[in-house]
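Data first, discussion second: the structure below is written as structure tokens.
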Amino acid sequence: MKKNIFLIGVICSILIPINVSALTGSVSLSCDKTKLKPNEETTCSVKANTNEDVSAVGARITLGSNLTLTSVTTDSSWEGNGDDGNIQLYIDNNKKGNFNIATFKVKADSVNTGADTSVSLSDVKLSDASFAETDFTVSPVNVRILSNINTLKTLTVSDSNFTFNKDTNSYELTIDEDNTTISATKYDNNSSISGDIGNKKLNYGLNTFTIKVTSESGIVNTYTLKINRPDNR
């Protein structure tokens, strides 16, 4: 009877699965710049924080539209590489706590109109000392490629009729009044307008006014109005 009970206990211990605890902690992604001018680079870092030993790391760098991966550098303590954005690393002396995994550089494409995109990691896995894998979800980094558009959509001057062209930067007008109102709207909502906007006094002779349009990326475009007021005194 005792032998039967012992055998039943052995069989039950085989059939009942033993719980294997997964790695706990986090993997993070950060970039030093999240607003990029066209053709500008940002450096991104991949780090982890765990309470258990980590023997291997796997992750894939995933880029949104208008971004190009230019280089990947893995932390010197790891073996393996991150060729083509596919990070596959292992280590003899297991890592624990806060540690670096890799850094990589991303370049913005030449997008004159600006674009919203992102940098992210997919298939993120950490292996413990027995090489059991645990999946991790990493928050993406949103990136804005700044617009280069710095033109006006409209430009009007009261008491004057002229044809405005956003690519023509200088205009010569004649207005026989003691003041005029200059109005302008921007072509790109991400740009800004400054300068001689609003009601302006006109002296006899030549009056010069400038309107500046600054793109989201910081490029300034200047429009010039040369208004002549006839001297009829």
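Residue numbers (our numbering): 743 to 975.
We put the beta carbon where it would ideally sit given N, CA and C, even for glycine.
Residues G800 and G822 of the same chain have their beta carbon placed closer than 6 angstroms to that of Q830, with the five preceding and five following residues left out of the count. Here G960 is not bridged, per DSSP, to any residue. C-alpha of K968 to C-alpha of A850: approximately 39 angstroms in a straight line. DSSP places D901 outside both helix and strand once states are collapsed to three, so it counts as coil. When DSSP states are grouped into helix, strand and coil, G806 belongs to the coil group.
In the assembly as shown, F878 is a buried residue. Its beta-carbon has 16 or more other beta-carbons within 10 Å.
In its chain, beyond the 5 residues on either side, A790, N791, T792 and N793 have a beta carbon closer than 7 angstroms to the beta carbon of G767. One alpha carbon belongs to I939, the other to T923, and they sit about 8 angstroms apart. Separation of the CB atoms of T896 and F906 is rounded to 6 angstroms, and the pair is thereby assigned contact status at 8 angstroms. Within the DSSP secondary-structure output, F841 pairs in a beta bridge with A790.
Residue pairing of N949 in beta bridges, as defined by DSSP: I969.
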